[in-house]
Amino acid sequence: DVKVTQSSRYLVKRTGEKVFLECVQDMDHENMFWYRQDPGLGLRLIYFSYDVKMKEKGDIPEGYSVSREKKERFSLILESASTNQTSMYLCASSSSRDRRYEQYFGPGTRLTVT
Amino acid sequence: GESVGLHLPTLSVQEGDNSIINCAYSNSASDYFIWYKQESGKGPQFIIDIRSNMDKRQGQRVTVLLNKTVKHLSLQIAATQPGDSAVYFCAERESNDYKLSFGAGTTVTVRA
Chain A
5 DVKVTQSSRY
15 LVKRTGEKVF
25 LECVQDMDHE
35 NMFWYRQDPG
45 LGLRLIYFSY
55 DVKMKEKGDI
65 PEGYSVSREK
75 KERFSLILES
85 ASTNQTSMYL
95 CASSSSRDRR
105 YEQYFGPGTR
115 LTVT
Chain B
125 GESVGLHLPT
135 LSVQEGDNSI
145 INCAYSNSAS
155 DYFIWYKQES
165 GKGPQFIIDI
175 RSNMDKRQGQ
185 RVTVLLNKTV
195 KHLSLQIAAT
205 QPGDSAVYFC
215 AERESNDYKL
225 SFGAGTTVTV
235 RA
């Protein structure tokens, strides 16, 4: 079974703090994604990566950065957390060898910025 | 901009009845569609998919229908069970694109 793990299930941070969200997948997938999930808005893509050290902006990259130094790990960074970044963050991965590019999701990190 | 969206944010269903969850999309370049189920406290999980060269696909208790003429996608769940209570998302993808675009989601609640 594909397993995508996220470093924390719940996180509370203060405004202005630097926040790191970590995601690890164990299936040697090339592609990794970070989404945020908000009520009524579905899942919105923040950043994605299709290879080590490669990254591309998604639909809402402002206020975020990412790092992919190893194939299995994709980190989301909030340089200076703000209250409007309070959300559920979901990481996903997919294989380029899978013609469907099916995405497998982690359990999510619920981040609260106070 | 083009987007994928669901018609209703919530759906309440009697246990044992059939459920129909609808989704409208506007990107005519999309050629692949997926339904995901997200249970409370978990990430979304794949349910069923359909390519644009098909109009119907069946799985175990689920059927996805695709009407490209009106850009409409639906998920039918037969004999809905309490374990079907979840948020359901439709997603679409353009050919050769890694990325998915998700709809807003429909929360399904099954009444005993």
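Protein chains in written order, with the numbering used here: chain A, 5 to 118; chain B, 125 to 236.
Ideal placement from N, C-alpha and C gives every residue a C-beta, glycine not left out.
Exposed unless 16 or more other CB atoms sit within 10 angstroms - verdict on residue i
| i | result |
| --- | --- |
| residue 126 of chain B | In this prediction, residue 126 of chain B has a pLDDT of 34, which is less than 50 and means its spatial position is unreliable; what the coordinates show is noted afterwards. Result: exposed. |
| residue 223 of chain B | buried |
| residue 36 of chain A | buried |
| residue 24 of chain A | exposed |
| residue 204 of chain B | buried |
| residue 165 of chain B | exposed |
Own chain partners of residue i with C-beta closer than 7 Å, once the 5 adjacent residues on each side are dropped
| i | result |
| --- | --- |
| residue 59 of chain A | 51, 53, 70, 72 |
DSSP three-state assignment for residue i, whether helix, strand or coil
| i | result |
| --- | --- |
| residue 173 of chain B | strand |
| residue 182 of chain B | strand |
| residue 151 of chain B | coil |
| residue 208 of chain B | helix |
| residue 193 of chain B | coil |
| residue 90 of chain A | coil |
| residue 36 of chain A | strand |
| residue 228 of chain B | coil |
Own chain, CB closer than 6 Å to residue i, minus 5 neighbours either side, in chain order
| i | result |
| --- | --- |
| residue 134 of chain B | 231 |
| residue 157 of chain B | 174, 197, 216 |
| residue 84 of chain A | 20 |
Within 8 Å, strictly: CB atoms of residue i and residue j
| i | j | result |
| --- | --- | --- |
| residue 22 of chain A | residue 115 of chain A | no |
| residue 185 of chain B | residue 201 of chain B | yes |
| residue 49 of chain A | residue 41 of chain A | no |
| residue 113 of chain A | residue 19 of chain A | no |
| residue 29 of chain A | residue 111 of chain A | no |
| residue 236 of chain B | residue 195 of chain B | no |
| residue 96 of chain A | residue 89 of chain A | no |
| residue 176 of chain B | residue 155 of chain B | yes |
| residue 208 of chain B | residue 191 of chain B | no |
CB contact check: residue i to chain B, cutoff 8 Å
| i | result |
| --- | --- |
| residue 106 of chain A | yes |
| residue 45 of chain A | yes |
| residue 67 of chain A | no |
| residue 14 of chain A | no |
| residue 109 of chain A | yes |
| residue 94 of chain A | yes |
| residue 98 of chain A | yes |
Interface flag, residue i vs chain A, CB-CB below 8 Å
| i | result |
| --- | --- |
| residue 224 of chain B | yes |
| residue 227 of chain B | yes |
Distance cut-off 7 Å: residue i Cβ against heavy atoms of the ligand GTP
| i | result |
| --- | --- |
| residue 173 of chain B | As for the ligand GTP, it is missing from this structure, which has no ligand bound. |
Close beta carbons around residue i, own chain, < 8 Å, minus the five adjacent residues each side
| i | result |
| --- | --- |
| residue 56 of chain A | 72, 73, 74, 75 |
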